[in-house]
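Here is the structure we will look at, set down as structure tokens.
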Amino acid sequence: MSSDDIAYHYEHDGFIIVPDLIDGEECEKLKIEAQKLLKEKAHPDASVYVHASVTSPICEEYHKDPRLVNILKKIMPDGIMFLSDKIVVKTSEKTFATPWHIDCFYWPNTRPKLSVWIALDDANADNGTLTVVRGSHKKDWKMINKALPNGEFIYRISDEDINNDDVVICAVKRGTAIFFPDTLVHGSTSNIAQKDRYTIISTYHAPANDEKFDFDFPARETLVPTN
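Residues in the sequence shown are numbered consecutively from 4, following our numbering.
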């Protein structure tokens with residue numbers, strides 16, 4: 004896609020899909036690192052581990068990879084600051100679907116952010132891939148407080164509020180990156196494939212003076228200063 008196409012689809016649809024941002028060998032390296040972090044750093048029942056770049060030089064390398072940053076430049080005209088990254092896994096034991104939500108529920112009253120979701124395995128409807136609601140970033144959504152049984156995803160959106168005609172199931176090859184703002188409704192399918200599916204998700208916002216929220220993320224750094 005051209006720069007204009009990337010900017011248009013990001014604004015119009017609320018997300019862009021970029022195939023082959025990283026190659027298979029890089030995916031395997033990141034996946035091994037993700038498995039290590041979840042085993043050594045995360046809670047035993049966790050499917051998410053935040054602060055990957057704090058403890059992993061490999062993850063740190065990829066959150067500022069020029070290939071990723073070059074895409075961000077097309078949709079972040081006010082500069083780019085890395086905030087944090089996290090590992091997400093769906094295993095044969097963790098089969099649940101991630102409920103519909105928007106990320107800004109989890110960081111209210113902070114400046115706008117966007118995330119980059121990178122598939123470290125081929126992802127599809129059977130193994131818990133990302134699902135998004137096209138155009139949902141332009142709407143207001145009611146938050147309900149109802150966590151999953153493991154305590155994750157406290158803040159969510161009711162299934163009844165979603166127009167299924169707008170739902171996009173992102174079936175992608177490993178190495179694909181999906182860029183979306185913190186106002187886009189998204190979730191995942193269930194993992195019924197009996198195989199692990201790993202993802203790394205990095206979050207960014209425009210450079211500015213630190214907000215109180217930012218101090219919880221020690222790996223934050225400016226990648227492209229504000230003009």
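Positions of the beta carbon are idealized from the N, C-alpha and C atoms, including for glycine.
{"query": "Any chain C beta carbon closer than 8 angstroms to I181", "result": "Note that chain C does not occur in the displayed structure, where there is just one protein chain."}
{"query": "R137 versus G178 - alpha carbon distance", "result": "22 angstroms"}
{"query": "Secondary structure, beta strand (DSSP E): runs of 3+ residues fully inside the region 91-166", "result": "116-122, 133-136"}
{"query": "For D23, the three-state DSSP class (helix, strand or coil)", "result": "coil"}
{"query": "Strand pairing of H189, partner residues [DSSP]", "result": "H104, V135"}
{"query": "Which listed residue (T94, Y52, P228, E64) has its alpha carbon closest to that of T192", "result": "T94"}
{"query": "Inter-residue Cα distance where the pair is D88 and W103", "result": "20 angstroms"}
{"query": "Length of the line joining the Cα atoms of H66 and S205", "result": "6 angstroms"}
{"query": "Element boundaries [beta strand (DSSP E), containing I78]", "result": "From DSSP, I78 is part of no beta strand (DSSP E) but of the alpha helix (DSSP H) over 69-78."}
{"query": "Residue range of the unbroken alpha helix (DSSP H) whose run includes A10", "result": "6-16"}
{"query": "I20 versus T186 - alpha carbon distance", "result": "17 angstroms"}
{"query": "With 16 other Cβ atoms within 10 Å as the buried cut-off, status of E199", "result": "It is Asp, not Glu, that sits at residue 199 in the sequence shown. Under this definition D199 is a buried residue."}
{"query": "Of the listed residues N194, F220, I121, Y13, nearest to E96 (C-alpha basis)", "result": "N194"}
{"query": "Option in K77, T225, T229, T101 with minimal Cα separation from G131", "result": "T101"}
{"query": "Per DSSP, cross-strand counterpart(s) of A2", "result": "Past the edges of the chain, shown from 4 to 230, lies residue 2, and the structure says nothing about it."}
{"query": "Pair within 8 angstroms by beta-carbon distance, V135 and I160", "result": "no"}
{"query": "Nearest-angstrom beta carbon gap, V51 and V91 [assumed within contact, 8 angstroms]", "result": "5 angstroms"}
{"query": "Outcome for Y109 when other beta-carbon atoms lying within 10 angstroms are tallied against a minimum of 16", "result": "exposed"}
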